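In numbering that gives the first Met the number 0, the protein residues as written are 0 to 239. Note that the Cβ used here is the ideal one computed from N, Cα and C, for glycine as well. Quantities reported herein were computed from a predicted structural model and do not represent experimental measurements. Everything below concerns the one structure shown next.
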Amino acid sequence: MPLIELENISRIYKTGQVSVTALKNVNLAVDKGEFISIMGPSGSGKSTLLNIIGCLDKPSTGTYLFNGKHVEKLGDGKLADIRNRYIGFVFQSFHLLTDLDAQGNVELPLIYRGVGRKERQKRAMAALEAVGLAERRRHRPAELSGGEQQRVAIARALVGEPDMILADEPTGALDSVSGQIVMSIFQRLNRERGITIIQVTHAPEIAHHAQRVIYLRDGEIEREEKLSQPLVAEMGIQNK
Ligand SMILES: Nc1ncnc2c1ncn2[C@@H]1O[C@H](COP(=O)(O)OP(=O)(O)OP(=O)(O)O)[C@@H](O)[C@H]1O
Ligand SMILES: [Mg+2]
0 MPLIELENIS
10 RIYKTGQVSV
20 TALKNVNLAV
30 DKGEFISIMG
40 PSGSGKSTLL
50 NIIGCLDKPS
60 TGTYLFNGKH
70 VEKLGDGKLA
80 DIRNRYIGFV
90 FQSFHLLTDL
100 DAQGNVELPL
110 IYRGVGRKER
120 QKRAMAALEA
130 VGLAERRRHR
140 PAELSGGEQQ
150 RVAIARALVG
160 EPDMILADEP
170 TGALDSVSGQ
180 IVMSIFQRLN
190 RERGITIIQV
200 THAPEIAHHA
210 QRVIYLRDGE
220 IEREEKLSQP
230 LVAEMGIQNK
């Protein structure tokens, strides 16, 4: 059974008199444990599609099955439950809280879940270790490089043990070495933990670390490419 099944998804934004069709009849199935990239020109609907997959937004029409359950008609509270339990998010601009150190940022999703302090600390440390940043846990975002900040954001996405990580241009603000480190972390999480990963990117050399690339144009899936030999990220997280 696929983890994600989108059938005839459309998303129309209405702003005053103007309506924009951001997605048109999108059909997409993603299996558990897949690593997928979404590419396409600016405005082609990539973020809109990722937001719908991540239950941050709802389709205007069409059906969405997540883990076999219909989610397209769920209310905001139920959608938030799905996000908290099953999905980790990574964004281009990291979205870290500047007043908290790395550990504090990673603990946040667990605070929302009501996890106790000791357990939170233990799990946040494990997540920071998984991205090679345990010894930077007391650093605030301003005291970390962009690449390190993104790794903290990945640890925050990871700490809730998600089935799936959704990343919108995760390397868009990073230099190429930091981008390779992010790809090596994604590939390891995908391979070793079976976490399903869907990333949006403008860069073919990033996209080709996935097993499949979906190309969007004007809100429609134009084509897809299966990679028999995805690129292997050059750097391990020991490179800091
Ligand atoms: N909240 C919104 N209200 C109205 N229109 C929107 C909204 N969000 C996106 N759009 C429109 O929907 C279309 C798709 O936008 P989307 O952000 O999904 O594109 P994208 O592929 O992620 O682009 P980029 O590569 O620039 O991030 C665009 O025409 C955009 O202007
Ligand atoms: Mg976008």
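Run the proximity test for S92: is its beta-carbon closer than 7 Å to any non-hydrogen atom belonging to ligand 1? Flag unset: Cβ of S92 not near ligand 1.
CB K23 to CB S9, shorter than 8 Å? Yes. Within cutoff.
Assuming S177 contacts Q149 (C-beta within less than 8 Å), just tell me the rounded distance between them. With a Cβ gap of about 7 Å, S177 and Q149 count as contacting.
Decide if G141 is buried, meaning its Cβ has at least 16 other Cβ atoms within 10 Å, or exposed. For the sequence presented, residue 141 should be read as Ala rather than Gly. The residue in question, A141, is exposed, as its Cβ has fewer than 16 Cβ neighbours within 10 Å.
In chain order, which beta strand (DSSP E) runs of at least 3 residues are fully inside the stretch 8-89? Within the stretch 8-89, the runs of beta strand (DSSP E) that reach at least 3 residues and sit entirely inside it are, in chain order, 17-29, 34-38 and 60-65.
Range covered by the alpha helix (DSSP H) that runs through R119: Where R119 is concerned, the enclosing alpha helix (DSSP H) stretches over R116 to A129.
DSSP state of V231, grouped into three classes? Assignment of V231 by DSSP, reduced to helix, strand and coil, places it in the coil class.
Using a threshold of 7 Å, is the CB atom of Y12 nearer than that to any non-hydrogen atom of ligand 1? Placement of the Cβ of Y12 at a distance of less than 7 Å from at least one heavy atom of ligand 1 is found.
Quick one: using the 10 Å Cβ neighbour count with 16 as the cut-off for buried, is Y111 buried or exposed? With fewer than 16 other Cβ atoms within 10 Å, it is exposed.
If we ignore side chains and look at the alpha-carbon of each, how far apart do L49 and K31 end up? Going from the Cα of L49 to the Cα of K31 covers about 16 Å.
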